[in-house]
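Heads up, the thing below is written out as structure tokens.
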Amino acid sequence: MGRQYVIAGNWKMYKTAEESREFVRALAKEFSDAPGLTVIVFPPFTSLQAVSGLDPRVHIGAQNLFFEEQGAFTGEISALMLRGLAEYALVGHSERRQVFHESDGDVNRKLLAALAAGLKPVLCVGETLPEREAGQTLDKVKGQLDRGLAGVTGGDWERVIVAYEPIWAIGTGRNATPQQAEEVHRHIRGTLGEKAPGRAIPILYGGSVKPENSLELLAQENISGVLVGGASLKVDQFSAIIRSGLKLLGA
Ligand code: PGA
Numbered sequence: 280m281g282r283q284y285v286i287a288g289n290w291k292m293y294k295t296a297e298e299s300r301e302f303v304r305a306l307a308k309e310f311s312d313a314p315g316l317t318v319i320v321f322p323p324f325t326s327l328q329a330v331s332g333l334d335p336r337v338h339i340g341a342q343n344l345f346f347e348e349q350g351a352f353t354g355e356i357s358a359l360m361l362r363g364l365a366e367y368a369l370v371g372h373s374e375r376r377q378v379f380h381e382s383d384g385d386v387n388r389k390l391l392a393a394l395a396a397g398l399k400p401v402l403c404v405g406e407t408l409p410e411r412e413a414g415q416t417l418d419k420v421k422g423q424l425d426r427g428l429a430g431v432t433g434g435d436w437e438r439v440i441v442a443y444e445p446i447w448a449i450g451t452g453r454n455a456t457p458q459q460a461e462e463v464h465r466h467i468r469g470t471l472g473e474k475a476p477g478r479a480i481p482i483l484y485g486g487s488v489k490p491e492n493s494l495e496l497l498a499q500e501n502i503s504g505v506l507v508g509g510a511s512l513k514v515d516q517f518s519a520i521i522r523s524g525l526k527l528l529g530a
């Protein structure tokens, strides 16, 4: 099987339903489909209905979910409720971990709930700057993978995606160099190989991905795509990153 790229945009708390719909319509005009390319956007919950099913080339994901199916959990959204509206779901984004105090245990329950509901979870992992400087990057990421992916079995591995997002690179304009990213991706590939032998689990890089650095990042052997924050909010920038992927696919 040839190379495959996932180009994903995490919109965070930006865009109304109307803005989201316009964005997806405009984005769809900017790229043509190619074998091996998957484009995903992660709008806020309130935009999911507006963009779901709008264009078959733009896949839709949720930014979060709660692990219970239903109940007295004011303000939460379950995996069951996302079914039919979203195909993917981010779990454990560093903003969820840091701002909303989600533990690895919470993240694991969310990932398992997403899988149980037929969604494709994107598990986000990554180290802080002090952890990198203390040489703890690989241990930190390994621990997050071990705890986040606990209990995943059999065919469910087919739907798992991992995103490596060094926290010091998110929203800072300071991306990991392609070499720094590749080193961690290779390590993640090894860890996943032990957990799920023979499965080609996509590993995305995230953290200040822009049109200018996307080609070199995507060219790394163990980088199977990118998770883009800020630069995914503008059609011209996000489509330029998609075109980097298309270029490497030879499309
Ligand atoms: P950024 O965000 O591209 O704005 O750094 C990435 C992310 O948080 O997923």
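Residue 359 in the numbering used here is what sits at position 80 of the sequence shown, and the numbering runs on without skipping anything.
Glycine is no exception: its CB is placed at the ideal position from the N, C-alpha and C atoms.
Continuous alpha helix (DSSP H) stretch holding N289: start and end: Unbroken run through N289 is the beta strand (DSSP E), Y284 to N289; no alpha helix (DSSP H).
From what residue to what residue does the alpha helix (DSSP H) around V488 run? Looking at the DSSP string, V488 is not in any alpha helix (DSSP H), and its letter there is neither H nor E.
Strand pairing of I446, partner residues [DSSP]: Answer is none; I446 lacks a bridge partner.
The ligand FMN and E444: does the residue's C-beta get closer than 8 Å to at least one heavy atom of that ligand? The ligand FMN is absent from the structure shown, which contains only the ligand PGA.
Determine the direct distance from the alpha carbon of V439 to that of P481, and round the result to whole angstroms. 8 Å
Between which two residues does the beta strand (DSSP E) carrying F321 extend? L316 to F321
Within a Cβ cutoff of 8 Å, which residues of the same chain sit near L275, ignoring the five residues on either side of it in sequence? With the chain covering only 280 through 530, there is no way to say anything about residue 275.
My understanding is that I319 touches A287, with C-beta atoms under 8 Å, so please give their C-beta distance in whole angstroms. 4 Å
Compute the Euclidean distance between the alpha carbons of V370 and Q342, then round it to the nearest angstrom. 7 Å
Within the segment 394-445, note down every full beta strand (DSSP E) run reaching 3 residues or more, in order along the chain. 399-404 and 440-443
Given 8 Å, three or more beta-carbon pairs between the segment 435-453 and the segment 395-409: Flag = yes, the segment 435-453 and the segment 395-409 touch.
Taking just the CA atoms, how far does T416 sit from V463? 8 Å
Take G315 and list the residues in its own chain whose beta-carbon comes closer than 7 Å to its own, dropping the five residues that flank it on each side. Excluding positions up to five away in sequence, the list reads G281, R282, Q283, Y284 and L528.
Do L512 and K308 count as a contact pair if the criterion is CB distance below 9 Å? no
Using 10 angstroms around the beta-carbon of H380, count the other beta-carbons present and answer buried if the total reaches 16, otherwise exposed. exposed
Please list, in chain order, all residues of the same chain as A530 whose beta carbon is under 6 Å from its beta carbon, the five residues on each side excluded. A313
Mind listing, in chain order, the continuous beta strand (DSSP E) runs of no fewer than 3 residues lying wholly within the segment 319-387? 337-341 and 367-370
Heavy atom of the ligand PGA less than 8 Å from the Cβ of A510, yes or no? Yes - the ligand PGA has a heavy atom lying nearer than 8 Å to the Cβ of A510.
With respect to 8 Å, is the separation between the Cβ of I482 and the closest non-hydrogen atom of the ligand PGA below this value? For I482, the Cβ stays outside the 8 Å cut-off from all heavy atoms of the ligand PGA.
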